[in-house]
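In our numbering, the protein residues as written are 274 to 617.
Heads up, the beta-carbon is just placed ideally off N, CA and C, and yes, glycines get one too.
Everything below concerns the one structure shown next.
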Ligand code: NAD
Ligand code: ZN
Ligand code: ZN
């Protein structure tokens, strides 16, 4: 089968021919219907050898949907032909967090060498994909795979981040979304659907700012040195009740911590390496800082439910698996509108 793999440190992803995986007891083989391209893929492919821990060759893709193709011995409650979405943050399934469906915070995964598909285990950018356990599949129902595959990360991650801040986003509140790419443009829709907040979106690219407005941002402003002043002007000097940074580089972390209101939340989702350096008197009183990772299985079900009810839609550009390397080039240039999706 064809797969898109990262094969050696510093190289570009390439299309390779590898055997179709065989299904072991308790496993499920999917015929992949769609796979999303995430900025985190670009991040890991940019790591130097001493920091790269995801194995080589790595079949990319941590956003996936598929059709159940074959069931391993003992698998119940699934049938060949079922349309499913892959819950990506695989954990042990037994620890306290996993018991609550929060496998994204599994406390055994590192020690037991359990890794998500596309981030250690073979991912979704292939014609077939092996799922280690049926609990990592969620019914997709009638949702279109290409249009919804990215909800498994670009939907789930902002949903998990935003849900914790909803008590602060009542009527009259303000939320700031920094970076309106794959995650950010879905995040704006989640805030609009679930809260009373006015949304101020920030990006460095005018086309992404236009997309932010299209998907529901009330204000879209350039992410530059004037951004904090503009956010303060738009909030009568108070700042934002919740700031979600979907970039995470030093300039955006600085904007995030400087624009939060008293008692507000700063949530850093982007993995750009920026550091929040805050202490008494350098950030609004009682502000809280969070650095979440991905989301829970229950939250994935909720995000897919939002899509089924027409509350969320992902802007996509589609590519064949042969065109996969081009999708990563466009991601690198910053020219993708919404999310790039590969249809193997
Ligand atoms: P993306 O490339 O689709 O979007 C990034 C956006 O940020 C683009 O619109 C870009 O123009 C904008 N941007 C770049 N520099 C900026 C700046 N200085 N100010 C404002 N905007 C700026 O990326 P994505 O796939 O949406 O991922 C966003 C980030 O979230 C990445 O760092 C990714 O690795 C990370 N991520 C984290 C998690 C998690 O669990 N914490 C999960 C998924 C992705
Ligand atoms: Zn991702
Ligand atoms: Zn666990």
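- Contact holds between the region 464 to 474 and the region 437 to 447, because three or more Cβ pairs, one in each stretch, are under 8 Å apart.
- Comparing C-alpha distances from residue 579 to each of 597, 518, 516, 425 shows the shortest one belongs to 425.
- Rounded to the nearest whole angstrom, the C-alpha separation of residue 278 and residue 419 is 20 Å.
- DSSP, read as helix, strand or coil, puts residue 466 in helix.
- In this structure, the straight-line span from the alpha carbon of residue 559 to that of residue 565 is close to 19 Å.
- With contacts defined as CB atoms closer than 8 Å, residue 402 and residue 303 qualify as a contacting pair.
- Using a Cβ distance threshold of 8 Å, residue 394 and residue 544 do not count as a contacting pair.
- The beta carbons of residue 301 and residue 456 sit no closer together than 8 Å.
- Looking at the DSSP output, residue 614 bridges to 309, 591.
- In the DSSP assignment, residue 378 falls outside any beta strand (DSSP E) and carries neither an H nor an E.
- DSSP, reduced to helix, strand and coil, places residue 526 within a helical segment of the structure shown.
- Beta-bridge analysis with DSSP links residue 564 to no other residue.
- Annotated three-state conformation of residue 446 is coil, per DSSP.
- Its chain contains 600, 603, 609, 610, 611, 612, 613, 614 as the residues whose beta carbon lies nearer than 8 Å to that of residue 590, once the 5 sequence neighbours on both sides are disregarded; these appear in chain order.
- Here the region 331 to 339 makes no contact with the region 372 to 387; the two share fewer than three CB pairs at distances below 8 Å.
- For residue 527, the closest of 478, 322, 557 by C-alpha to C-alpha distance is 557.
- Distances from the CB of residue 370 to the heavy atoms of ligand 3 include at least one below 7 Å.
- At a cut-off of 7 Å, the beta-carbon of residue 519 counts as near ligand 1: some heavy atom of the ligand is closer than that.
- Chain order is used for the residues whose beta-carbon lies nearer than 5 Å to a heavy atom of ligand 2, namely 311, 313, 426.
- Judged by DSSP in its simplified three-state form, residue 399 adopts strand.
- Residue 463 places its beta carbon 8 Å or farther from that of residue 504.
- Note: residue 516 is bridge-paired with 449, 539 in the DSSP secondary-structure output.
- In the DSSP secondary-structure assignment, residue 556 is not bridged to any residue.
- Residue 479 carries a helical assignment under DSSP once its states are collapsed to helix, strand and coil.
- Per DSSP, residue 329 lies in no alpha helix (DSSP H) and is assigned neither H nor E.
- Contact holds between the region 506 to 520 and the region 536 to 551, because three or more Cβ pairs, one in each stretch, are under 8 Å apart.
- For residue 384, the shortest separation between its Cβ and any heavy atom of ligand 3 does not lie below 7 Å.
- In the three-state scheme derived from DSSP, where H, G and I count as helix and E and B as strand, residue 425 is classed as helix.
- CA-CA distance, residue 501 to residue 364, rounds to 39 Å.
- Where residue 279 is concerned, the enclosing beta strand (DSSP E) starts and stops at 275 to 279.
- Residues of the same chain with a CB within less than 8 Å of the CB of residue 486, apart from the 5 flanking positions on each side, are 474, 493 in chain order.
- Boundaries for residue 415: no beta strand (DSSP E) harbours it, and the DSSP string shows neither H nor E there.
- One thing to note: residue 330 has its Cβ within 8 Å of the Cβ of residue 280.
- Residue 394 sits in a strand when the DSSP states are folded into three classes.
- Contact check for residue 491 and residue 471: beta-carbon distance about 5 Å, within the 8 Å limit, so the pair qualifies.
- In the three-state DSSP reduction, residue 460 falls in the helix class (H, G or I).
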